Structure formats: C-alpha cells, structure tokens
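Beneath this line is the structure, given in structure tokens, with notes to follow.
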Amino acid sequence: MTCERTDLAGGCACGAVRYRVSRAPIFVNNCHCSLCQKQTGSTSVVNMFVESVAVHLLGGTLSEHVVKAGSGGDHIICRCAACGTALWSYYLSPAGAARCRRAGRHAG
Ligand SMILES: [Zn+2]
Ligand SMILES: [Zn+2]
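In structure tokens:
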C-alpha cells in the first residue's frame, strides 16, 4: 500500500500531545503478530513506517517504555505522559532510523 499524503497530523486521547508527520510513509502494514496483539490488546495493528526526521512533536510530553522486539532487541514505545496513549515507537537498531506510528488511531 502506498500513501501519497505528506501532511498527516494527530494527537493523543487527552489532547496534550499533538504531532505532525511531514513525509509520506515508507510503507503501511496491518500486523497480526503476537507482540502487537499483546501490546495493544487487539487482534491486529495498522502500522505506518515513517522516517524519524519526519515526525514532529508539536506539544505535550512523551514517556518511553521499553519492550522486547521480535528480534530480541529493544523496542521503545512513546506514550503521552498524561493519558498513556501510544503514539509511535522505534527500534534502537538499526539506529532508530524509522519510526513506526500506530496509524488510524490518532486522526483529528
Ligand atoms: Zn494524552
Ligand atoms: Zn506485529
């Protein structure tokens, strides 16, 4: 799936965190793996992969939570410090180059 939109914005449930994504996603997938299911309590997750430099935090404070990725490496989930909404996550390797945003949950 390709997405040509290059001006995506969103925020958390309480409204404290607002962000903007300034580049088109590298790819979007719908992941049904057991890790995503455990982290979200859902059957699957729509993930949107974007370059880290394209993710702009406009307001609010994030808290970072480290979980294990399928590779065994660290997977850091960034949540709103006030309400706990998961906004995006990244992997320490390779070099945190891509951020994986939970798509379809933060529109508006
Ligand atoms: Zn919040
Ligand atoms: Zn997954």
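If you want the numbering used here, it's the position in the sequence shown, counting the first as 1, plus 1043. Glycine included, every Cβ here is placed at the ideal spot set by N, Cα and C. Please read these numbers as outputs of a predicted model, since none were measured by experiment.
Buried versus exposed call for residue i [16 or more other C-beta atoms within 10 Å across all chains shown]
| i | result |
| --- | --- |
| T1152 | Since the first residue shown for the chain is 1044 and the last is 1151, residue 1152 is missing from the structure and cannot be characterised. |
| L1042 | Residue coverage of the chain in this structure runs from 1044 to 1151, which leaves residue 1042 outside it and unanswerable. |
| M1044 | Its pLDDT being 49, under 50, M1044 is placed unreliably by the model, and the measurement read from it follows with that caveat. The residue in question, M1044, is exposed, as its Cβ has fewer than 16 Cβ neighbours within 10 Å. |
| H1118 | buried |
| L1130 | buried |
| T1104 | exposed |
DSSP-derived helix/strand/coil call for residue i
| i | result |
| --- | --- |
| V1096 | helix |
| Y1134 | strand |
| S1065 | coil |
| M1044 | Caution applies to M1044, whose pLDDT of 49 falls short of 50 and renders its modelled position unreliable; the value that the coordinates give is listed next. Coil, per DSSP. |
Continuous beta strand (DSSP E) stretch holding residue i: start and end
| i | result |
| --- | --- |
| C1074 | F1070 to C1074 |
Identity of the residues DSSP links to residue i by a beta bridge
| i | result |
| --- | --- |
| S1153 | It is not possible to answer for residue 1153, since the shown part of the chain is limited to 1044 through 1151. |
| A1129 | R1122 |
Segment limits, alpha helix (DSSP H) that includes residue i
| i | result |
| --- | --- |
| S1077 | S1077 to T1083 |
Supposed close pair residue i, residue j - CB separation, criterion 8 Å
| i | j | result |
| --- | --- | --- |
| H1108 | R1063 | That belief does not hold up - the Cβ atoms of H1108 and R1063 are roughly 23 Å apart, past 8 Å. |
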